[in-house]
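A.B. asks:
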Amino acid sequence: MTHNAGVCPDDTPAPRITPVWLFDLDDTLHDAYRSAMPQLAQAMGCYVQSELGLSAAQSDALRRRYWLRYGATLLGLVRHHGVKAAHFLHHTHELPGLEARLQRHPHDIAALATLPGRRFVLTNAPRAYALRVLRTLGLLAYFDGVITIEDMAMFGQLRPKPDARMLRRVAAKLGVQPAQCTLVEDTLAHQKSARRIGMKTVWFKRWVRARAPRDVRSARAPAYVDCRVHSLRELRLRIGVADDPSGAR
Ligand SMILES: [Mg+2]
Numbered sequence: 059m060t061h062n063a064g065v066c067p068d069d070t071p072a073p074r075i076t077p078v079w080l081f082d083l084d085d086t087l088h089d090a091y092r093s094a095m096p097q098l099a100q101a102m103g104c105y106v107q108s109e110l111g112l113s114a115a116q117s118d119a120l121r122r123r124y125w126l127r128y129g130a131t132l133l134g135l136v137r138h139h140g141v142k143a144a145h146f147l148h149h150t151h152e153l154p155g156l157e158a159r160l161q162r163h164p165h166d167i168a169a170l171a172t173l174p175g176r177r178f179v180l181t182n183a184p185r186a187y188a189l190r191v192l193r194t195l196g197l198l199a200y201f202d203g204v205i206t207i208e209d210m211a212m213f214g215q216l217r218p219k220p221d222a223r224m225l226r227r228v229a230a231k232l233g234v235q236p237a238q239c240t241l242v243e244d245t246l247a248h249q250k251s252a253r254r255i256g257m258k259t260v261w262f263k264r265w266v267r268a269r270a271p272r273d274v275r276s277a278r279a280p281a282y283v284d285c286r287v288h289s290l291r292e293l294r295l296r297i298g299v300a301d302d303p304s305g306a307r
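Residue numbers 59 to 307, in the working numbering, belong to the letters of the sequence shown in order.
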């Protein structure tokens, strides 16, 4: 395998292209379930109750309905209630004390720094939150760019992951073919969509493994996943980049 492989097939000769890595943020670059998700869920519940005048139970039911139908509460609120996306994102992502709860894995920086190619964060989260997380974790300098939900508007509507047209447009804006891109993600629905347009896919299971039910933890990767890894260091080793002999990793 060469550094140009871009993803980790064991026996397929790789074309010599510069890889473009698209890293999800939450539950990929940090443990969002631990640091942000409980507070985020509470803030979204309060927002829906306050803006739409609903009870807690009605708010929960509505959020669940929009989650199932659109993949995100926000999309349903924008479409059916005239909520402004920027207003929702600002008020639900204030997350007091977030910095103190954030954690990254100690090997991540070395793994990112030596990963060949261009690296971008691709997250459905808002920009202010994404930058806050990346700066606090010391990861921002290791990326060539951060693509957030504000960048995912198409035809006047938000088209976050797993929207395939948005993924195709991201590749086009980066000046590459989808086949040059590898999506590193914890969410399989996003992998499935990325693969449909020709991207390579890495299922990142570090945080999934820690808390998922046993059948999910041990599940085989679906056919649309090129490989699954449990750390960025493992990803680096799988594409043939050796550990730093100085031990800095
Ligand atoms: Mg995620």
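Backbone N, C-alpha and C define an ideal beta-carbon position, used for all residues, glycine too.
Let me confirm a value: L126 is counted as buried when at least 16 other C-beta atoms fall within 10 Å, else exposed. Which label applies?
C.D. replies: When all chains shown are included, L126 counts as exposed.
A.B. asks: Between P303 and the rest of its own chain, which residues show a CB-CB distance below 6 angstroms, the 5 nearest in sequence each way excluded?
C.D. replies: Per-residue confidence for P303 stands at a pLDDT of 48, beneath the threshold of 50, marking its modelled position as unreliable; no derived number is given.
A.B. asks: Spatial neighbours of G134 within its chain, please: CB distance less than 6 angstroms, with the 5 preceding and 5 following residues excluded, ordered by chain position.
C.D. replies: Here the set comprises Y124 and Y128.
A.B. asks: Tell me which same chain residues have a C-beta within less than 7 angstroms of the C-beta of L160, skipping the five on either side of it?
C.D. replies: The residues are H88, S93, V191, T194 and L195.
A.B. asks: Between the alpha carbons of H148 and D209, how many angstroms are there, rounded?
C.D. replies: Between H148 and D209, the C-alpha separation is close to 16 angstroms.
A.B. asks: Terminal residues of the continuous beta strand (DSSP E) containing G203?
C.D. replies: From DSSP, the beta strand (DSSP E) with G203 extends over G203 to I205.
A.B. asks: Return the first residue and the last residue of the alpha helix (DSSP H) that T150 is part of.
C.D. replies: Its alpha helix (DSSP H) spans residues A143 to T150.
A.B. asks: Would you say the beta carbon of D244 is closer than 7 angstroms to some non-hydrogen atom of ligand 1?
C.D. replies: Under cutoff, so the answer is yes.
A.B. asks: Taking only runs of the beta strand (DSSP E) that begin and end inside the segment 192 to 256, which ones reach a length of at least 3 residues, in chain order?
C.D. replies: For the segment 192 to 256, whole beta strand (DSSP E) runs of length 3 or above, ordered along the chain, are 203 to 205 and 239 to 243.
A.B. asks: How many Å lie between E292 and K263 at the Cα?
C.D. replies: Roughly 11 angstroms separates the two Cα atoms.
A.B. asks: Enumerate in chain order the residues of its own chain whose CB-to-CB distance from V106 is below 8 angstroms, with the five nearest sequence positions on each side excluded.
C.D. replies: If we look at V106 and ignore the five residues flanking it on each side, its Cβ neighbours are L112, S117, L120, R121, T131 and L135.
A.B. asks: Within this structure, are the beta carbons of I205 and L225 separated by less than 8 angstroms?
C.D. replies: No. Outside cutoff.
A.B. asks: Throw me the rounded Cβ distance for the V228 and L180 pair, which I believe falls under 8 angstroms.
C.D. replies: 7 angstroms between Cβ atoms; contact.
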